[in-house]
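Asker:
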Amino acid sequence: MGLAYVTDGDGLRIKGRELRLFGIDAPEFAHPYGKQAKWVLYQLCKGQDVMAVSAETDDYGRLISRCYLSDGRDLSAEMVKLGLALDWSKFSGAIYSHLEPEDARKKLWLADARQKGRMDVWERFEAQRKAGDSSRPSQ
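First residue of the sequence shown: 1, per the working numbering; consecutive thereafter.
#1: Considering only the beta carbon of each residue, do Ala104 and Val50 sit closer than 7 Å?
#2: Report buried or exposed for Glu56, applying the criterion of at least 16 other Cβ atoms within 10 angstroms of its Cβ.
#3: Is the CB-CB distance between Asp87 and Glu100 below 7 Å?
#4: Does the beta carbon of Tyr33 sit closer than 7 Å to a beta carbon anywhere in chain B?
#5: Is the distance from the Cβ of Ser65 to the Cβ of Leu108 below 7 Å?
#6: Secondary structure at Asp10, three-state DSSP: helix, strand or coil?
#7: Enumerate in chain order the residues of its own chain whose CB-to-CB distance from Arg17 is below 7 Å, with the five nearest sequence positions on each side excluded.
#8: Could you tell me the alpha carbon to alpha carbon distance between Tyr68 and Gln128, rounded to whole angstroms?
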């Protein structure tokens, strides 16, 4: 438990430990809605002790954690309800899927593509972004 430093829309650091929010996928910082997702998670955590319950470590050395605000709210659930993260049923068992707003998968199309293994969509987006065009690539 401690104050959280937000790294992106599904990542934070508490007492120097890198954490990834359990069961969700938020856009990367440089992707559409990425900055907004980070900012909203920051606002949720601002000035509050966050309790992290960690079960395992991901491939990047981060602790996969269920994180709760002092009032008991689950940060993963809050980010999904706000339409700034998607339930990643492969990891969550679909416990957050009922919280997704109707248009969330269309809005967060890059995260949706990653979940479906469509990394070609990511590669095209990154190539266009590096070339100076951040509009959605054709699919």
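Backbone N, C-alpha and C define an ideal beta-carbon position, used for all residues, glycine too. For clarity, every value in this text was computed on a predicted model and none was experimentally measured.
Answerer: The structure says:
#1: Counting from one through the sequence shown, the residue named residue 104 turns up at place 104. Counting from one through the sequence shown, the residue named residue 50 turns up at place 50. No.
#2: Sequence index remark: in the sequence shown, residue 56 carries index 56 (1-based). When all chains shown are included, Glu56 counts as exposed.
#3: Walking along the sequence shown from the start, residue 87 turns up at place 87. Walking along the sequence shown from the start, residue 100 turns up at place 100. The answer is yes: Cβ separation under 7 Å.
#4: The structure shown contains no chain B; it is built from a single protein chain.
#5: Position 65 of the sequence shown, counted from the first residue, corresponds to residue 65. Position 108 of the sequence shown, counted from the first residue, corresponds to residue 108. Not a contact, by the Cβ cut-off of 7 Å.
#6: Here residue 10 corresponds to residue number 10 of the sequence shown, with the count starting at 1. DSSP places Asp10 in coil when its eight states are reduced to three.
#7: Residue 17 sits at position 17 when you count from the first residue of the sequence shown. Leu63.
#8: Within the sequence shown, numbered from 1, the residue matching residue 68 stands at position 68. Within the sequence shown, numbered from 1, the residue matching residue 128 stands at position 128. The alpha-carbon atoms of Tyr68 and Gln128 are separated by roughly 37 Å.
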